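What follows is a set of notes on a single structure, which appears directly below.
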Amino acid sequence: MRRRLLKFLLCIFLSSGVPAWAALDAKLLQQLAADASDEKIAAINKLAQTGDADGQGQTRREVLRVLKALSEDALYVADGKIVLVDGKRVIDAASGEEINPAPTERDSIDINNRVRRELASALASLRLFSPERETRFAAAQELLDHVDAEMAPLLVRALATEADPQIKQLLTLADAQLGLKNSDPTARLAAVKTLAGSSNPSVKRLLVPLLDKNVESDERVRLEAQSSLKAIDARLAFADKLSRIFSGLSLGSILLLAALGLAITYGVMGVINMAHGELLMVGAYSTFVTQTLFRTYFPGALDWYVAAAIPLAFFAAALVGILMERTVIRWLYGRPLETLLATWGLSLVLIQAARSIFGAQNVEVANPAWMSGGIELFANVTLPLNRIVIIGFSLCVLFLVWILMNRTRLGMFVRAVTQNRSMAGCVGVPTGRIDTLAFGLGAGIAGLGGVALSQIANVGPDMGQGYIVDSFMVVVLGGVGQLAGAVWAALGLGVASKFLEGWLGAVIAKILVLVFIIIFIQKRPQGLFALKGRFAES
Numbered sequence: 011m012r013r014r015l016l017k018f019l020l021c022i023f024l025s026s027g028v029p030a031w032a033a034l035d036a037k038l039l040q041q042l043a044a045d046a047s048d049e050k051i052a053a054i055n056k057l058a059q060t061g062d063a064d065g066q067g068q069t070r071r072e073v074l075r076v077l078k079a080l081s082e083d084a085l086y087v088a089d090g091k092i093v094l095v096d097g098k099r100v101i102d103a104a105s106g107e108e109i110n111p112a113p114t115e116r117d118s119i120d121i122n123n124r125v126r127r128e129l130a131s132a133l134a135s136l137r138l139f140s141p142e143r144e145t146r147f148a149a150a151q152e153l154l155d156h157v158d159a160e161m162a163p164l165l166v167r168a169l170a171t172e173a174d175p176q177i178k179q180l181l182t183l184a185d186a187q188l189g190l191k192n193s194d195p196t197a198r199l200a201a202v203k204t205l206a207g208s209s210n211p212s213v214k215r216l217l218v219p220l221l222d223k224n225v226e227s228d229e230r231v232r233l234e235a236q237s238s239l240k241a242i243d244a245r246l247a248f249a250d251k252l253s254r255i256f257s258g259l260s261l262g263s264i265l266l267l268a269a270l271g272l273a274i275t276y277g278v279m280g281v282i283n284m285a286h287g288e289l290l291m292v293g294a295y296s297t298f299v300t301q302t303l304f305r306t307y308f309p310g311a312l313d314w315y316v317a318a319a320i321p322l323a324f325f326a327a328a329l330v331g332i333l334m335e336r337t338v339i340r341w342l343y344g345r346p347l348e349t350l351l352a353t354w355g356l357s358l359v360l361i362q363a364a365r366s367i368f369g370a371q372n373v374e375v376a377n378p379a380w381m382s383g384g385i386e387l388f389a390n391v392t393l394p395l396n397r398i399v400i401i402g403f404s405l406c407v408l409f410l411v412w413i414l415m416n417r418t419r420l421g422m423f424v425r426a427v428t429q430n431r432s433m434a435g436c437v438g439v440p441t442g443r444i445d446t447l448a449f450g451l452g453a454g455i456a457g458l459g460g461v462a463l464s465q466i467a468n469v470g471p472d473m474g475q476g477y478i479v480d481s482f483m484v485v486v487l488g489g490v491g492q493l494a495g496a497v498w499a500a501l502g503l504g505v506a507s508k509f510l511e512g513w514l515g516a517v518i519a520k521i522l523v524l525v526f527i528i529i530f531i532q533k534r535p536q537g538l539f540a541l542k543g544r545f546a547e548s
């Protein structure tokens, strides 16, 4: 009894309060099936103008549905009516009522490219009044590419009602594009001045034709268009430089994480560890394992698997590093060539172990939701959130390493062994234990680099080999055992590489960076920051 009462009340509410379908003008819909393209376009624009006639937006939703069906070739003529096909259902486009039985003969409505362009503009215009910000933003971008004079009334309404500054800027640019088509030179001049403040590269193609006397007869408009193009070019060049600097800082932050651990191990023990890149790989695969565990056992907290992967990657890589030092490297101190060959062999062992456990193919490590997307500074510059997070993460790791090296007993011992191993041993510093702990610390920091690298690059057995040479270049350029030198060298090499790649290509850029480092080390063997102490003086 209660269910029947609820159904009865619901039917009364639906029939009296909210109409199921806002009736559309049948004659106007019939015009969509006209033979002439001009008539179809006129009907489309008229529907778009009346699309939001009622306060609740019901008409707009139904116009959108009809025009979308037309764009998807799902609008037909049957028994003298315009109908849209939704699966097996045939619906009268004017009344919204389902036609039973469904007509067996239906004639499709053909539209050419010109009509499709107008249809796309109309759909974009209707979406400008959507309550969802993303829908309005996408519609404004689409309208910017296909703006037409017949859409001017809707554009004026959208400008008057839009409160979002980013969307309003796009609408202003669209309005300025309409102004360029105005017969009044004063209106065209005002439109050119408005477009001069844009950072959108597509605006240039609107202004370039105005430099031609055959296209633009007014000299004032031509001069203003030339000035506007210069302003846009300057703004785009600045945005491009900003993008390269950010990309360089992002690359430098990865190099910094890779080189920090190497700066410690190479500075303390003088070991050329060719397996350091594989310690990055250990950290990346630890991240993959953590992600898999969260997907299996904690799917609701999957977005936070990266936070759990950080300590796991650190201790996994540190354990591998300590095992390497205890079993192989400690027997080869003072023999750099043998150490280099031994660590190179260890790198091959670690690569083969990864292939045996995880397979030879790359594995998927997805960004969590809070690291997806980006921040758009200009029309051609978007800063990815995952790279922003990685830069911040690198700074945090650097700060913690600085505290460890300068504010703890272990850090004091490491610095003492780095500066003068024999004197440190004479005053009671356990140099052998410090070697093991320093190597484990350096390996753990490399594991943290693997966590960061997994968020922007493929995770595979060979992923670390591309960073070992760059890491050594950072250490040698910055100064052995110097954290400040590693920071400046990593960020400097990252930014310089990105600028050189844009001018000369990746291969030539890498060669020039290597040549610069060779020349620099010839002039200043101690690097950017020299060691202090008796060991450095000897």
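Numbering (my numbering), first residue to last: 11 to 548.
We put the CB at the ideal spot given by N, CA and C, even for glycine.
What you are looking at is a predicted structure, and each value in this text was computed from that prediction instead of being measured.
Find the nearest neighbour of residue i within the set the options, judged by alpha-carbon distance.
i: Tyr276; options: Leu303, Val427 and Asp174; result: Val427
i: Lys98; options: Ile109, Val330, Asn224 and Gln187; result: Ile109
i: Ser237; options: Lys251, Leu181, Ile400 and Leu205; result: Leu205
i: Leu322; options: Leu420, Gly90, Val292 and Arg397; result: Val292
i: Gly421; options: Gly459, Ala376, Leu493 and Ser357; result: Leu493
i: Val439; options: Ala456, Arg419, Leu458 and Ala453; result: Arg419
i: Ser212; options: Gly189, Gly262 and Leu180; result: Leu180
i: Asp185; options: Leu154, Thr69 and Met433; result: Leu154
i: Asp472; options: Val461, Ser208, Gln362 and Trp314; result: Gln362
i: Met279; options: Ala319, Ser193, Leu447 and Gly515; result: Leu447
According to DSSP, is residue i helix, strand or coil?
i: Asp472; result: coil
i: Lys191; result: coil
i: Ile455; result: helix
i: Ile529; result: helix
i: Arg345; result: coil
i: Phe449; result: helix
i: Asp117; result: strand
i: Val213; result: helix
i: Leu91; result: Residue identity check: residue 91 is Lys in the sequence provided, not Leu. Lys91 falls in the strand class under three-state DSSP.
i: Asp96; result: strand
i: Glu374; result: coil
i: Val225; result: coil
i: Leu351; result: helix
i: Ile101; result: strand
i: Glu511; result: helix
i: Glu108; result: strand
i: Val439; result: coil
i: Val484; result: helix
i: Val338; result: coil
i: Leu85; result: strand
In the DSSP assignment, find the alpha helix (DSSP H) that holds residue i and state where it starts and stops.
i: Glu144; result: Arg143 to Asp155
i: Leu387; result: Taken as a continuous stretch (DSSP letters only), Leu387 belongs to no alpha helix (DSSP H), being part of the beta strand (DSSP E) at Gly384 to Phe388.
i: Val166; result: Ala162 to Thr171
i: Asn55; result: Ser47 to Gln59
i: Leu220; result: That residue, Leu220, is in no alpha helix (DSSP H); it is neither H nor E in DSSP.
i: Gln40; result: Ala36 to Gln40
Report all residues from its chain with a CB closer than 8 Å to the CB of residue i; omit the five preceding and five following residues, and keep chain order.
i: Leu350; result: Ile282 and Met284
i: Asp174; result: Arg143, Arg146 and Phe147
i: Met381; result: Val316, Leu395, Asn396, Val399 and Gln465
i: Ala44; result: Lys50 and Ala53
i: Arg75; result: Leu94
Take residue i and list the residues in its own chain whose beta-carbon comes closer than 7 Å to its own, dropping the five residues that flank it on each side.
i: Ala269; result: Ser481, Val484, Val485, Ala496 and Ala500
i: Ile528; result: none
i: Gly435; result: Thr441
Only counting the same chain, and skipping five residues up and downstream in sequence, which positions put a Cβ closer than 6 Å to that of residue i?
i: Leu272; result: His286, Ser481 and Val485
i: Ser571; result: What is shown of the chain runs 11 to 548, which leaves residue 571 out entirely.
i: Ala519; result: Ser507, Leu510 and Glu511
i: Ala551; result: Examination of residue 551 is not possible in this model, given that the chain is present from 11 through 548 alone.
i: Ser549; result: Only positions 11 to 548 of the chain appear in the structure, and residue 549 is not among them; the question remains open.
i: Ile385; result: Leu393
Measure from the C-beta of residue i to each C-beta in chain B and report whether the shortest distance is under 8 Å.
i: Pro378; result: Absence of chain B from the displayed structure is noted, only one protein chain being present.
Scan the region 236-319 and note each continuous alpha helix (DSSP H) run of 4 residues or more that stays entirely inside, going in chain order.
286-307
Quick check on the DSSP output: what are the complete alpha helix (DSSP H) runs of length 4 or more inside the region 393-429, in order along the chain?
395-417 and 419-429
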